[in-house]
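If you're matching them up, the sequences are chains H and S in order. For what it's worth, the working numbering labels the leading residue of the first sequence as 1, then goes sequentially. For what it's worth, the working numbering labels the leading residue of the second sequence as 1001, then goes sequentially. C-beta atoms are modelled at their ideal positions from N, C-alpha and C, and glycine is treated no differently.
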Amino acid sequence: MEFTKTIEGAVCVLAVMGRMDTLTAPEFEAQCAACAAEGTTRIVVDLSSLEYISSAGLRSILASAKKLKAAGGGLSFCCLSGIVAEVFAVSGFSKLMPVFPTRQDALAKA
Amino acid sequence: MYALRLPARESSLPDLMRLAQDCAGRAGLDELTVQRVELVLEEALANIIHHAYSQNAPAAPAAPSAGLLDETPHTCDVALDCAVEPGALTLTITDWGPPFDPVRPTEHDADLAANLEADLDSRAPGGLGLILIRSMSQAAYRRERGANVLTLRFPHEGGDC
């Protein structure tokens, strides 16, 4: 899994590429923790290049979202497609956290 | 029929996943269904690898002593059988741990359903694998000769059940 991090004002945009599974999910939590440690607790996660996510990935997202919320910020998502969109829908995550069709929409609401 | 029986541990995952992927290709499944096969199989195998042979597994009912030797093999294996037909793939996963039915709703499911509706603060992290297994495959379970047998059917998207 690879990440591209960009700062847009007070928001950290994290583009995630590859597969979020048992092996790689802890890296996502580490990236979110790093943004928070740098003072940016509002994070938009761009999933347009995420190819696969398992329940281990969902658990890392949930853990990160709770920590960021407790720190006064939050996680939101954009650009889901294919199996990733399906996993978010059936797990209830797309109701649990803000999900937007585009990065611009997510940034406008972050 | 394509089949593999390996020790129930993480290092067996790549070979089992590769077999299922090959068979999904032979069955001519569409890309989204192939991804469902990968996801559901990984979730089901992860449950077995982490729970079937651990002390945290649900307690097995006391077996009659006469049957104990027959039904308790001294192995911690997981077996995968792949049945390929045009436009559909059926995976059969067998383990020899204590009885565990991941398909039939139990009293634990009330918690899972409530959890799906919970807000971020009260949402618990458990049960996600079972939700994915049940919603992305046609899953059936049976207990057979001391083994858990989980059948997962994946029809081609839009195909007949």
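Are there 16 or more other CB atoms within 10 angstroms of the CB of residue i, so buried, or fewer, so exposed?
i        : result
M20(H)   : buried
T4(H)    : exposed
M97(H)   : buried
E2(H)    : exposed
S81(H)   : exposed
R1036(S) : buried
Q104(H)  : exposed
I7(H)    : exposed
T41(H)   : buried
S1011(S) : exposed
E1043(S) : buried
E1038(S) : buried
Bridge partners for residue i per DSSP, in chain order?
i        : result
P1099(S) : Its beta-bridge partners do not exist; DSSP assigns none.
S49(H)   : M17(H)
M3(H)    : Correcting the residue type first, residue 3(H) is Phe in the shown sequence and not Met. Paired residue(s): V16(H).
R1005(S) : A1079(S)
P98(H)   : Partner(s): none; P98(H) has no beta bridge.
L1089(S) : V1084(S), F1154(S)
Q1138(S) : R1153(S)
F77(H)   : V45(H), V99(H)
E1144(S) : A1147(S)
T1094(S) : A1079(S), V1149(S)
Taking residue i as the reference, which of the options has the closest Cα?
i        : options                                : result
L1120(S) : A56(H), L62(H), E29(H), V45(H)         : L62(H)
S60(H)   : E38(H), K109(H), F28(H), G72(H)        : F28(H)
E1085(S) : L1004(S), H1156(S), P1007(S), A1044(S) : H1156(S)
A65(H)   : V1149(S), R1123(S), L1006(S)           : R1123(S)
G1097(S) : R1143(S), A1052(S), T1033(S)           : A1052(S)
C79(H)   : A70(H), F88(H), F100(H)                : F100(H)
S1135(S) : A70(H), E86(H), L47(H), V11(H)         : E86(H)
A30(H)   : G9(H), G57(H), F93(H), V84(H)          : G57(H)
K67(H)   : S91(H), A36(H), S54(H)                 : A36(H)
A117(H)  : G39(H), A34(H), T22(H), I43(H)         : Limits of chain H in this structure are 1 at one end and 110 at the other, which puts residue 117(H) out of reach.
For residue i, which three-state DSSP category applies?
i        : result
T22(H)   : coil
L1029(S) : coil
S1012(S) : helix
E8(H)    : strand
E38(H)   : coil
A65(H)   : helix
M1017(S) : helix
A33(H)   : helix
P1061(S) : With a pLDDT of 48 at P1061(S), under the threshold of 50, the predicted position of this residue should be treated as unreliable, though the coordinate-derived value follows. Residue state, collapsed to three classes: coil.
C1161(S) : For C1161(S), the pLDDT reaches just 44, beneath the cut-off of 50, and the residue's location in the model is therefore unreliable, although a value from the coordinates is still provided. Three-state result, C1161(S): coil.
R59(H)   : helix
Just to make sure I have the definition right: I need the residues of chain H whose C-beta is within less than 9 Å of the C-beta of residue i. Which are they?
i        : result
I1048(S) : Neighbours of I1048(S) on chain H: none; closest Cβ ~14 Å, over 9 Å.
L1091(S) : Neighbours of L1091(S) on chain H: none; closest Cβ ~16 Å, over 9 Å.
P1155(S) : Result: empty, since nearest Cβ-Cβ is about 16 Å, beyond 9 Å.
Check the Cβ of residue i against every Cβ in chain H and list those closer than 8 Å, keeping chain order.
i        : result
M1017(S) : The premise fails here: M1017(S) is roughly 11 Å from chain H at the closest Cβ pair, so nothing lies under 8 Å.
R1009(S) : Going along chain H, no residue has its Cβ under 8 Å from R1009(S), so there is no contact; the nearest lies around 13 Å.
S1135(S) : V90
Note down, in chain order, every chain S residue with its Cβ under 8 Å from the Cβ of residue i.
i      : result
I83(H) : L1032, Q1035, R1036, L1039
M97(H) : L1120
V87(H) : L1039, L1132
Let me check you understand the geometry: is the CB of residue i closer than 7 Å to at least one non-hydrogen atom of the ligand GTP?
i        : result
H1051(S) : Ligands are entirely absent from the displayed structure, and the ligand GTP is therefore not among its contents.
Interface residues of chain H around residue i at Cβ under 7 Å?
i        : result
I1131(S) : V90, S91
P1202(S) : Lying outside 1001 to 1161, the shown extent of chain S, residue 1202(S) is not represented and no answer is given.
For residue i, which residues in chain S fall below 7 Å Cβ to Cβ?
i      : result
S54(H) : L1039, E1042, E1043
T41(H) : Near T41(H) there are no residues of chain S at all, since even the closest Cβ is about 14 Å away, more than 7 Å.
- Message: Using a Cβ-Cβ cutoff of 8 Å, what residues of the region 57–84 of chain H are near chain C? List them in chain order.
- Response: Protein chains in the displayed structure are H and S, and chain C is not among them.
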